[in-house]
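Those sequence lines, one after another, are chains E and F. If you read the first sequence in the numbering used here, its first letter stands for residue 51, the second for the next number, and so on. If you read the second sequence in the numbering used here, its first letter stands for residue 51, the second for the next number, and so on. For each residue, glycine too, the CB sits at the ideal point set by N, CA and C. Note that this is a predicted model, so its numbers are computed, not measured.
There are 2 protein chains.
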Amino acid sequence: MADPLTDTEQKAWRTFIESSWALHTHLEEDLRAQTGLSMNDYHVLVVLSEAPNRRLRMGELAGRLVFSPSRITYQINSMVKRRLVRKQPCPDDGRGQEAVLTDEGMQALEAAAPLHLITVRDSFIDLLDPEELDVIHRVFDKVRKA
Amino acid sequence: MADPLTDTEQKAWRTFIESSWALHTHLEEDLRAQTGLSMNDYHVLVVLSEAPNRRLRMGELAGRLVFSPSRITYQINSMVKRRLVRKQPCPDDGRGQEAVLTDEGMQALEAAAPLHLITVRDSFIDLLDPEELDVIHRVFDKVRKA
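Okay, here's the thing in structure tokens:
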């Protein structure tokens, strides 16, 4: 059985989980109100915009977003309907599919990015000093790898 | 227009947002698989279990969870159906309602807590040294207040 959290651990954990949950909700609501995109939409657009030829295999995209196969299929199909991405067979493997960023998707990302940046700065980045920013990077890199 | 993120800010932000998003998903999936509860269910149970007489006004509960009025109503109605909480008129104000933890709700929380603790330790708390834990507490306290 795991040791109960100490008072210090408990306070840090509760503050982190409540505050980061509220931050995610705030980012999502702000982005939707300003652009109609969800955070998942936005994240897919960013990842594809940075990929070679703006395309990625579905499995690789799922890995990057930490999504299950069924969840990535649902997400991409929803974005295909809105013409933000399209699906096509992988050139080197007829059975696989890749997601490709469309021009409409790129335009949606370019329109959303400056608005999202303001929310990110105001609600997180500009509140931190350089040492805190460094610890956040280190801690969440460990968390991701664990 | 907001300044673009510096390389350092960008790396910290991307690592934080991707990793904390994946952590939330992991906590949710683990809790659901082990106990059938969602993180929102769990959070409501914890907050009510710590309240005087294990009851809180709906509005106060919404504030604690950073939920909108419609979202808290939906959440509590779902928990009423599962007998984890019940709703009753506020004793000092016939128009208001409060959510009350049931014995079944308290038992569900007591059964879930040791399992959830293992996930919390393994995926976050035990990865951090005391200085990192202190910075996490400080940073997310600032984020919550912003």
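* For E/V96, does the three-state DSSP call read helix, strand or coil? -> helix
* Asked: Comparing the C-beta of E/S99 with each C-beta of chain F, is any distance below 9 Å?
  -> no
* **Start and end residues, alpha helix (DSSP H) containing F/P119** => 119 to 131
* Could one say the Cβ of F/L73 lies closer than 9 Å to chain E's Cβ atoms, at least one of them? -> yes
* To do: Hey, could you find the ends of the beta strand (DSSP E) F/L106 is sitting in?
  => 105 to 107
* To do: Could you please give the first and the last residue of the uninterrupted beta strand (DSSP E) stretch that includes F/D172?
  => Note, F/D172: premise wrong, no beta strand (DSSP E); alpha helix (DSSP H) at 153 to 173.
* Asked: Using the beta-carbon of each residue, which ones in chain E are nearer than 8 Å to F/K137?
  -> Here the premise fails: no neighbours, minimum Cβ distance about 23 Å.
* **Extent of the continuous beta strand (DSSP E) run through F/P139** => 135 to 140
* Asked: Under a Cβ-count criterion, where at least 16 other Cβ atoms within 10 Å of its own Cβ denotes burial, should E/A161 be classed as buried or exposed?
  -> exposed
* Boundaries of the alpha helix (DSSP H) in which F/P180 is found, first to last residue -> 180 to 195
* To do: Under 7 Å between beta-carbons, which chain E residues line up against F/P171? List them in chain order, please.
  => For the record, residue 171 of chain F in the displayed sequence is Arg; it is not Pro. Here the neighbours are A52.
* Asked: When you compare each of F/P102, F/L165, F/G155 to E/P54 by their alpha carbons, which one comes out closest?
  -> F/L165
* Name the chain E residues that come within less than 8 Å of F/D191, Cβ to Cβ? -> The contacting residues are T65, S69.
* Asked: Are there 16 or more other CB atoms within 10 angstroms of the CB of F/E154, so buried, or fewer, so exposed?
  -> Counting Cβ neighbours within 10 Å, F/E154 comes out exposed, since fewer than 16 surround it.
* Asked: In chain F, which residues lie with their C-beta within 7 Å of the C-beta of E/V185?
  -> Going along chain F in sequence order, the residues near E/V185 (Cβ under 7 Å) are E182, V185.
* Which residues mark the beginning and the end of the alpha helix (DSSP H) in which F/L87 is found? -> No alpha helix (DSSP H) contains F/L87, which DSSP labels as neither H nor E.
* Asked: Quick one, are the C-beta atoms of E/N90 and E/L115 less than 9 Å apart?
  -> yes
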